[in-house]
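Residue numbers (this note's numbering), protein chains in the order written: chain A, 1 to 320; chain B, 1001 to 1281; chain C, 2001 to 2437. In what follows, a structure is listed as structure tokens, so that the remarks can point back to it.
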Amino acid sequence: MNPPDAAVSATSNPANKGQHGRRLRQRCVANRWFYFLLAPFFLLFFIFGLYPLLFSLYLSFLRWDALSPATWVGLSNFAALAQDELFFVSLKNTLLLGLYHIPPMMLLAFVFAVLLDRQCLKLKGLWRAAVFFPAITPMVVIAIVFSLLFGAELGLVNYLWWRAAAVVGVEAGVLPWLQSESWSKVTVSLLLVWRWTGYNMVIMLAGLQGIDRSLYEAAEVDGATRLQRLTQVTMPLMRPTFLFVFVMSMIGTVYMFDEVFVLTKGGPGVSSTNVGLFLFDEGFGAFRFGYASAAGYSVAAGLFLATLLVLKMGRKDHTA
Amino acid sequence: MAAGVRKMKIGGSWKSYAVLAGAALLFAFPGYWLTSSAVKTQDRIFANPPEVLPWPVAWSNFADVYAETRIVRAFFNTVLIAGCQVALTLLVCSMAGLAFARYRDAPGHKWLFALTLGTMMIPVAVTTIPVFIMLSQFGLINTYWGMILPGAANAFGVFWMRQYISQNVPRALYDAAEIDGAGHLTTYWCVVLPVIRPAMAALGVLVLINSWNNLMWAFIVLRTPDMQTMPLLIYMLQGEQGTPYGQVMAAGLLAAAPLVCAFLLFQRAFIGGVTAGAVKG
Amino acid sequence: MSSLGKWLAIVGLSAIVVVITWLPQLLASKSPAGGPVVEVWAWNTAADSLNALASSYTQRTSDVHIDVIRNGTDMQTRFLLSLAGGVGAPDVCQLQEREVGKFTESGRLMDLTDYAARYGPDFAPAAWANCQFDSKTLAIPWDLGPCAVFYKRWVFDRYGVDPDTIETWDDFIAAGKQIHEASGGQTHMMSLSSGDLSEFFQILMQQAGGSVFNDRGEIAMDVPGNQRALEVMRALLDSGTTAQLEWMEKLSSFNSDAVACYPMAVWFGQYIKDYAPDTAGEWGVFRLPALEPGGLRTSNLGGSVLVIPDQGDERKQAWDYVEYVTCVAESQVRQYRDYGLFPAYLPALTDPYFDEPDPFFGGQRVHRLFSADIEKVRPLTRTKDWAEAERYLRQTLSTWAAGMDHQRYLAESADALGRKLGRPVAAGASDPRGVTE
């Protein structure tokens, strides 16, 4: 059965294949509810998904601010992008933010998931809720709370730091969490770890619960220690989950917006401007819609390839 | 198995509890700081040394934010937008999911399904600009529709509903419904929907979280103070002359509370919503 | 599903659709009893100044309420979104001169030609030209940024340099060498870091009659004025008397001897007053050195305008307020006296206030000094792409400074800008004003 081909031939050449066409029409009529039920989704999807996707591609060849007349500029948006220093800074920042926050976040999520997976654990719901709740709080609120906590002079974190240093007997300076170009990424990463650990813990927990318990018993019979069971049985079987979490976090870091928009505005300077904020600034900050579309398309294409690469590498390792 | 469990318990249980308790404290702390700052006056929020216990409790922030912003309206807007988006998404996705699950030999099925799967890859960042331009041409800027419609075509939701319906609604059920003389819509409403309620709850929660907390789209679409949602209201409270942090925290608490309460009541649906996201991985 | 159920569902759904569509109108808060409200967006001192003028305006016309919303958070972005979306824009908005083109070309601003044309001759031509597009007046100049040199009297006195003898940039460089050598290399004449290059270039470019665009909107970078500007900058850089200060360092240099003077716009004086209050009375101002003996001794940098979006209900009221703020000498003098915003409305400059001495600058009559010749600064075609062109200059001028020939830099940047902006490059080194003049 190959419906698309059938549809094409039936419409393009109805006379020759009259019988086929009639059968097709009958099948369409018999399945009319298929189309009725799909209609609302596809209506919305065409208007707000497919059409914007193509429109955006067209935009990427224009210079246009949606206010004054558009100019066709061919590929020069892409050429300009290739020379845009800020774009490459945002790529670098994105990479660094990912490097800073994804490994500790995945480690923490995995440790908590393993702990929560124990059947005898008491108060499971409480622990899970406490670690998970950051994922449902409005980012704008928490980003402002973080800006208070990490304030240079009057923030709680620096206060604790000074007290701790005083106990040890060391003179401690102000930690410029949000004021320094080299620290801002660290602070954003802490926010990201806080925000997403619980979320990914829940995903990993589901992965752990999907593992056949008899494998553990078999390993135990073979005399494996708990650590060995973890590294030899659990972790290899969790690979698909790890890969999923990693890829989703990677994509999330690229397109992340609220966190940096509220906490740092991408600054100081452009030190915490990631790709998501760069796209927003070019698009809605400066109304360079054509340029922002070209950048958006380039990023989406690059990210798509990177995702494929990561998935492929992940699978290859698995079979090796 | 029983032996294994006991051994685990003897193994490191107090250590596990210590780790979990520490983590729980750390992760809950910003929430606590939000709550406690909401009941401190501005100077006490910046007290040196920081005031860990907010005593005496000051309710003035709530009164101020009520007096100085349209927070009641913003709360109502947020509820309306999130509620409609959840309802619309669930309706659209479950209908399309049923279509893909039930009418397997409909012409175009394969092609349309592939198209749906393909759209899961479209990043929002690419479509934001065209959708904004379209909305301004349709006159939908600064309307509820401008907030509700663009996110409602959720390809992932359709995929998920299809999976769930395929696995949980046996084909015999459709046939039985048909023999009973039930129409296709009746079957959808009276037979399928009750069965897929858990998946609907989970998808609904996922959409709710995103819609309730959405800042970027609200910033772009909602242009006047009376249309603001809670996240946008909180964002706009930050002024160039210094932010009224007390008010921000009070509004923030009100914005966060409904979801947190819902989460505590319906943990299962929330967890389900998140883990279902991993299904496609 | 019964047919009744179907009907109920259809009716229910339509009811929901209708409610969601009309609810905002139903819930719309009625404007407080009384006359019309004019909403104004501005930020910082500009907002303070507009607010102060609002109260005196309201005293004259009692039924109008001017609501100045002081919030610079993403103001330009929010304004653009509201213009493009056709809803939510204020009745009056403050814009910086450098971003005006984008808005005048948007077609979303009220055409003020009929109301404002008669005021045209009363404004500095450069500022007025910036508010026109398609032979319509779409914005009103509000404040200007005439340029001069702020100098430290104590430094000039110590090394025996008389600022009155500095008439051209050559004199300026000679004085700089004298100070630099006499101070043992401790004191530089001015700061010309990579961050300063673009603003300084714009000062010189306008002084020399250079351009980025000609009046046909073509790229006209390779013109004699720009070459002259670059020559002066090159001579300054080569003299070894310039320092490389970042913005924060520059602010703290007010209190030290690191730099002797600051060629800048009038608003820069407010920074000096704010950041170095202890040095009051120790400062002076001399006029911008000319490019050649007897040449123009001023330029323009910064300044802003007021616009009225064409989507508001109170456009006439809004114009009435804008007219009061921009086209009444008394208002313009007040905004300068109280908030340091230099009048764009020339009749205001005849006010006696401009002959008063300023104690911060050692009792010098700096207001009069800044107001001299501002009507002689040549208009600059900015177009909607000015901000982007400016960004390009900011990014590339440091490459030029590192050692690139003027001719090559101007030709290359003309090509690059032409490609980037999708505009033709004007042929040859022509007059920037094109053929029409």
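Backbone N, C-alpha and C define an ideal beta-carbon position, used for all residues, glycine too.
DSSP bridge partner residues for residue i (one or two, in chain order)
i, result
"C:E2039", "C:D2067"
"C:I2140", "C:L2306"
"A:K124", "DSSP output for A:K124 lists no bridge partner at all."
"C:Y2262", "C:F2150"
"A:T71", "A:R63"
"C:C2093", "C:W2041, C:V2307"
"C:V2425", "C:I2219"
"C:F2133", "C:K2136"
"C:F2123", "C:Y2345"
Chain-ordered neighbours of residue i on chain A, where CB pairs are closer than 7 Å
i, result
"C:S2106", "L67, S68"
"C:L2080", "F287"
Minimum Cβ-Cβ distance from residue i to chain A less than 9 Å
i, result
"B:G1083", "no"
"C:T2077", "yes"
"C:Q2317", "no"
"C:K2250", "no"
Minimum Cβ-Cβ distance from residue i to chain B less than 9 Å
i, result
"A:S9", "For A:S9, the pLDDT reaches just 41, beneath the cut-off of 50, and the residue's location in the model is therefore unreliable, although a value from the coordinates is still provided. For A:S9, the answer is no, since every Cβ of chain B falls outside 9 Å of its Cβ."
"C:D2431", "Residue placement at C:D2431 cannot be trusted, given a pLDDT of 46 that sits under 50; what the coordinates show is reported in the next sentence. So, not an interface residue."
"C:F2074", "The sequence given here places Asp at residue 2074 of chain C; Phe does not occur at that position. It does; some Cβ of chain B falls within 9 Å."
"C:N2071", "yes"
"C:L2004", "no"
Amino acids of chain A, ordered along the chain, whose beta-carbon sits closer than 8 Å to that of residue i
i, result
"C:G2422", "R63, T71, W72, V73, S76"
"B:W1145", "Simply none; closest approach about 11 Å."
Residues near residue i by beta carbon distance below 7 Å, same chain, minus five either side
i, result
"A:E259", "M139, A143, V188, L191, L192"
"B:N1078", "Note that residue 1078 of chain B is Thr in the sequence shown, not Asn. Result list for B:T1078: W1212, T1229, M1230, in chain order."
"C:M2205", "G2225, N2226, A2229"
"A:P176", "A152, W183"
"C:G2120", "W2128"
"B:V1192", "L1098, I1165, V1169"
"C:E2070", "Residue identity differs from the one stated: residue 2070 of chain C is Arg in this sequence, not Glu. So the qualifying residues of the chain are A2042, W2043, A2047."
"C:D2355", "R2365, R2368"
Interface residues of chain B facing residue i [CB-CB closer than 9 Å]
i, result
"C:S2304", "The contacting residues do not exist; C:S2304 stays about 16 Å from chain B at best."
"A:M139", "N1213, L1215, P1231"
Neighbouring residues, chain C, relative to residue i (Cβ below 8 Å)
i, result
"B:I1179", "Residues of chain C passing the Cβ test: none, with the nearest at roughly 17 Å."
"B:S1136", "A2084, G2085, G2086"
Short CB-CB distance (under 9 Å) between residue i and chain C
i, result
"B:V1207", "no"
"B:R1044", "no"
"B:R1102", "no"
"B:G1204", "no"
"A:A80", "yes"
"B:L1185", "yes"
"A:F284", "yes"
Residues of its chain near residue i, where Cβ-Cβ distance is below 6 Å and the 5 sequence neighbours each way are ignored
i, result
"B:G1273", "A1202, V1205, L1206"
"C:R2297", "R2287, L2288, A2290"
"C:W2400", "Y2409"
"A:L59", "F289, G290, S293"
"A:A219", "R229, V233"
Cβ shell of residue i (< 8 Å), same chain only, five flanking positions each side left out
i, result
"B:L1232", "A1074, L1215, A1218, F1219, L1222"
"B:L1185", "none"
"C:T2058", "V2064, H2065, I2066"
Partners in chain B for residue i, counting only beta-carbon separations shorter than 8 Å
i, result
"A:R27", "D1105, A1106, P1107"
Beta-carbon neighbours of residue i, restricted to chain C and to distances below 7 Å
i, result
"B:M1227", "P2024"
Interface partners of residue i on chain B, CB under 7 Å
i, result
"C:I2020", "C1084, Y1144, W1145"
"C:A2028", "D1226"
heavy atom of the ligand MG below 8 Å from residue i C-beta
i, result
"A:L237", "As far as ligands go, the structure on display features none, and thus does not contain the ligand MG."
Residue i: contacting residues in chain A (beta-carbon distance under 9 Å)
i, result
"B:C1093", "F41"
Runs of beta strand (DSSP E) wholly within the region 147-195 of chain A (minimum 3 residues, chain order) | The DSSP assignment places no complete beta strand (DSSP E) segment of no fewer than 3 residues inside the region 147-195 of chain A.
What alpha helix (DSSP H) runs, 4 residues minimum, are completely inside the region 2281-2362 of chain C?
-> 2315-2326, 2329-2339
Pick out the complete alpha helix (DSSP H) segments inside the region 2165-2243 of chain C, 4 residues or longer, and give them in chain order.
-> 2169-2182, 2194-2207, 2224-2238
Could you tell me which uninterrupted alpha helix (DSSP H) segments, each at least 4 residues in length, are contained entirely in the region 1172-1214 of chain B, listed from first to last along the chain?
-> 1197-1213
Entirely enclosed alpha helix (DSSP H) segments - the region 1067-1120 of chain B, minimum 4 residues | 1071-1102, 1109-1119
Whole alpha helix (DSSP H) runs in the region 2375-2404 of chain C with 4 or more residues, listed along the chain?
-> 2386-2401
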